[in-house]
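Residue numbers (this note's numbering), protein chains in the order written: chain A, 5 to 252; chain B, 2 to 319. For every residue, glycine included, the Cβ atom is placed at its ideal position computed from N, Cα and C. Contents: one structure, followed by commentary.
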Amino acid sequence: MNILVCISHVPDTTSKINFVMDNTLFKSKGVQYIINPNDEFGLTRAIWFKEKHGATVHVIHVGTAAADPTLRKCLAIGADKAYRIDTPAHDGNHVAHELAAFLKTNSHDLIIAGRESIDYNGGMVPGILAGILNMPFIPNCVGLEIDGNTATGEREIDGGREKLKGTLPMVIGGQKGLVEESDLKIPNMRGIMQARQKPFEVIPSSNAMALTKEVSFEKPAPKAAVKLVPADDIDQLIELLHKEANVI
Amino acid sequence: MSVLVIIETEKNKLKRNAAEVASYGVGLAADLKTSCSAIAFHSDNADSLGQFGISKVAVVSNVPMHFDANTYADTIAQHVQQIKATHLIVSSSADAKFLAPLLAAKLNAAYVPNVVALPSATNPLTVKRTAFTNKAFANTTIEGSCSIIGVGNNTFGAIENPVSCDVQSVVYNPSTSLLEQVSIEKETGKATIADADVVVSGGRGLKGPENWHLIEELAEVLDAATACSKPVSDMGWRSHDEHVGQTGKPVSTNLYIAIGISGAIQHLAGVNASKVKVVINSDPEAPFFKAADYGVVGDAFEVVPELIKKLKAFKALG
Ligand SMILES: Cc1cc2nc3c(=O)[nH]c(=O)nc-3n(C[C@H](O)[C@H](O)[C@H](O)COP(=O)(O)OP(=O)(O)OC[C@H]3O[C@@H](n4cnc5c(N)ncnc54)[C@H](O)[C@@H]3O)c2cc1C
């Protein structure tokens with residue numbers, strides 16, 4: 005089984021979010037980048053399939069060389085090969101079409117992307133990709149088993165879970181639950197050394213199109229100070245929630 | 002050109018979020034000086050959309066009873082072509098976020114999720130949406146002839162605008178599904194994090210799962226959904242389904258009550274879109290107080306039982 009894990013390279017969760025160039029561009033200076041957490045759960049599940057069932061794990065990123073350290077980290081954790089499609093990523097539609105063009109000539113049995121990236125929160129790459137390739141798609145996936153040619157996955161729905169079954173090739177939108185937090189791997193020295201020898205291919209863009217553009221960013225208005233209510237005056241809290249905030 | 006609102010149903014009834022997406026669609030159609038209609042699956046009360054300004058609804062019944070993304074998307078795509086719709090409106094539910102990208106691929110449409118307001122400009126169409134997990138907004142322009150706008154939960158609200166509503170049953174020929182539903186588990190009768198007006202959330206400050214009756218009782222009085230911080234689900238005190246925050250479920254409810262939660266940046270990112278936040282924490286320095294509207298500095302084991310008691314009395318008064 006060949007697994008392709010789509011990797012997004014995002015600011016660390018504790019990063020300060022600021023913008024430059026008249027609020028048109030995210031300020032990446034001084035920001036630490038990581039593997040998008042949702043993708044890391046998917047990658048870890050893929051490596052589990054490698055260790056248990058001998059799957060081959062490839063990672064792919066659509067973007068600039070800025071993400072190369074992130075892809076090297078994926079190799080150090082256990083992926084066998086990295087691809088980078090060499091174009092700045094413009095929007096979810098653009099990324100999905102670049103990935104689809106790649107998959108048309110490099111078929112894989114299972115494609116795992118993250119539920120959403122934590123920077124632009126589009127949550128559309130795996131779904132659009134599945135749509136273009138007419139493959140079954142399981143989003144918000146919190147459990148995945150493969151048996152021969154059949155994949156069974158569980159997706160989180162509002163207020164519960166749904167178990168779905170389909171045939172490979174399939175696209176997954178992964179998140180925590182695919183593996184546990186404690187299963188995530190930290191690259192060790194041996195992995196880091198091995199990663200240097202692993203194949204890393206930079207491929208040209210297929211010139212897919214973006215359909216949206218972020219023209220400017222804004223930060224939420226600063227918050228008014230909290231109103232503190234003494235612990236022995238809960239009546240006041242109820243009064244405020246009822247009369248002032250109008251929420252109960 | 003026209004606006005089409007995609008309405009979700011459950012057990013043949015419109016879901017609560019129908020009012021908000023319908024209101025958005027009607028508002029957008031007014032801005033674009035065009036008409037707005039809706040499509041729903043297996044619905045026996047679609048005419049009630051008239052309350053929110055929808056004068057025409059197409060109801061589809063020849064599809065699986067359960068939400069099946071492939072057949073539903075294919076049906077909607079055929080309807081879009083039939084009525085020449087150009088702007089599709091969806092909610093932010095798990096099902097809508099499943100459906101919208103599939104539809105975007107079929108229609109080659111631009112999909113913009115988490116939109117918080119009507120467009121600030123119509124040429125090019127420019128919408129404001131959240132980005133960086135609620136730490137910023139992105140003003141996004143949409144190119145192309147077809148777009149799908151995902152309205153953020155509880156961002157636009159429902160706007161009453163009664164008109165008479167014509168319901169028509171329609172039949173399309175969707176392709177067969179690519180997935181088989183094996184099973185579905187769903188808590189019925191309990192508010193979910195996605196659609197509850199109030200969410201009561203507990204953190205590590207509650208010391209252990211045996212104390213969760215406090216969270217559950219408070220939630221029951223308020224008809225609220227229950228949630229928790231990440232370590233609470235990691236330690237197995239509560240199920241993963243309740244984990245909220247940047248790597249868990251997003252929360253954008255009217256009232257979010259955080260008990261024994263410190264307010265780490267990753268937690269706040271996921272819950273900040275909630276309108277009113279109340280924090281109960283014994284540590285006056287807990288970062289959550291900076292992000293909250295109302296706060297009580299105190300021991301949850303004393304404050305919460307008192308709050309439950311007083312709220313019961315308040316509710317009893319009506
Ligand atoms: C990549 C990444 C992603 C993450 N994603 C998420 C996420 O999605 N969601 C999330 O929640 N976290 C997330 N985290 C974890 C986050 O950083 C915090 O560790 C976590 O939110 C803390 O949970 P907590 O507030 O329950 O616990 P703590 O930080 O331990 O806080 C417990 C609080 O309880 C208070 N307390 C103690 N006793 C009492 C009492 N008797 N009465 C009242 N208050 C009391 C304490 O004062 C303290 O403020 C993520 C972290 C990383 C690195």
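Check, Outcome
"Tell me whether Val27 of chain B sits in a helix, a strand or coil according to DSSP, three-state version.", "helix"
"Quick one: which chain B residues come within Cβ less than 7 Å of Asp162 of chain A?", "Ser94, Ala95, Thr193, Ala195, Asp196"
"Quick check: what's the CA-CA separation for Val245 of chain B versus Ala78 of chain B?", "33 Å"
"Please return the same chain residues whose Cβ sits closer than 8 Å to the Cβ of Lys231 of chain B, not counting the five positions on each side in sequence.", "His244, Gly246, Thr248, Gly249, Gln267, His268"
"Kindly indicate if chain A contains any beta-carbon less than 9 Å away from that of His241 of chain B.", "yes"
"Closest to Ile150 of chain A by CA distance: which of A:Lys54, A:Ile252, A:Asn250, A:Ala100 is it?", "A:Lys54"
"Quick one: list the residues of chain A neighbouring Gly296 of chain B, beta-carbon separation under 8 Å, in chain order.", "Val230, Lys231, Leu232, Val233"
"Check whether the Cβ of Ala71 of chain A lies closer than 9 Å to any Cβ atom in chain B.", "no"
"What residue from A:Arg119, A:Asn97, A:Val146, A:Gly163 has the CA that sits closest to Gly135 of chain A's CA?", "A:Asn97"
"Check the Cβ of Val113 of chain B against every Cβ in chain A and list those closer than 7 Å, keeping chain order.", "Thr216"
"Is the CB of Thr91 of chain A under 9 Å away from at least one CB in chain B?", "no"
"Chain A beta carbons: is any one of them nearer than 9 Å to that of Leu5 of chain B?", "no"
"Would Asn144 of chain A and Gln198 of chain A qualify as a contact pair, given that the criterion is a beta-carbon distance under 9 Å?", "no"
"Less than 8 Å between the CB of Val233 of chain B and some heavy atom of ligand 1, yes or no?", "yes"
"Just to confirm my understanding: we take Leu107 of chain A, look at its own chain, exclude 5 residues before and 5 after, and list those with CB closer than 8 Å. What are they?", "Leu8, Ile115, Leu133, Leu137"
"Please check the pair Lys276 of chain B and Asn255 of chain B, which I expect to be a contact at CB under 8 Å, by giving their CB distance rounded to whole angstroms.", "5 Å"
"When you compare the CB positions of Ala329 of chain B and Val171 of chain B, do they come within less than 9 Å of one another, or not?", "Residue 329 of chain B is absent from the structure shown; chain B starts at 2 and stops at 319."
"In this structure, does DSSP put Asn155 of chain B in helix, strand or coil?", "coil"
"Is the Cβ-Cβ distance between His65 of chain A and Ala86 of chain A less than 9 Å?", "yes"
"Hey, Ser36 of chain B and Asn162 of chain B: beta-carbon distance below 9 Å or not?", "no"
"Would you mind telling me which residues of chain B sit closer than 8 Å to Ile238 of chain A, beta carbon to beta carbon, in chain order?", "Val297, Val304, Glu307, Leu308, Lys311"
"Taking all protein chains shown into account, do 16 or more other C-beta atoms lie within 10 angstroms of the C-beta of Leu103 of chain A, making it buried, or fewer, making it exposed?", "buried"
"Would the C-beta of Thr156 of chain B count as close to ligand 1, meaning under 8 Å from any of its heavy atoms?", "no"
"Residues bridged to Ala130 of chain B by DSSP?", "First, the residue type needs correcting, since residue 130 of chain B is Arg and not Ala in the sequence shown. Answer is B:Val116, B:Ala139, bridged to Arg130 of chain B."
"What runs of the alpha helix (DSSP H), each 4 residues or longer, lie entirely inside the stretch 129-198 of chain A?", "129-137"
"Classify Phe68 of chain B as helix, strand or coil using the three-state DSSP reduction.", "coil"
"Please tell me whether, using a cut-off of 8 Å, the distance from the CB of Gly264 of chain B to the nearest non-hydrogen atom of ligand 1 is below it.", "yes"
"Is the CB-CB distance between Asn115 of chain B and Ala132 of chain B below 9 Å?", "yes"
"Quick check on Ile190 of chain A: buried or exposed, where buried means 16 or more other Cβ atoms within 10 Å of its Cβ?", "exposed"
"State yes or no: is the C-beta of Asn42 of chain A nearer than 8 Å to some heavy atom of ligand 2?", "Inclusion of ligand 2 in the displayed structure is not the case, the ligand content consisting of ligand 1 alone."
"Between the Cα of Leu180 of chain B and those of A:Arg194, A:Gly177, A:Arg165, A:Thr171, spot the shortest distance and give me the residue it belongs to.", "A:Thr171"
"Taking the straight line between their C-alpha atoms, what separation do you get for Leu103 of chain B and Val6 of chain B?", "16 Å"
"Is Ser202 of chain B close to chain A, meaning its C-beta is less than 9 Å from at least one C-beta of that chain?", "no"
"Please name the residue, chosen from A:His13, A:Thr18, A:Lys31, A:Met5, that lies closest to Glu222 of chain A on a Cα-to-Cα basis.", "A:Lys31"
"Just checking: is the beta-carbon of Gly261 of chain B within a distance shorter than 9 Å of some beta-carbon in chain A?", "no"
"Tell me Asp90 of chain A's beta-bridge partners as DSSP assigns them.", "A:Gly67, A:Pro208"
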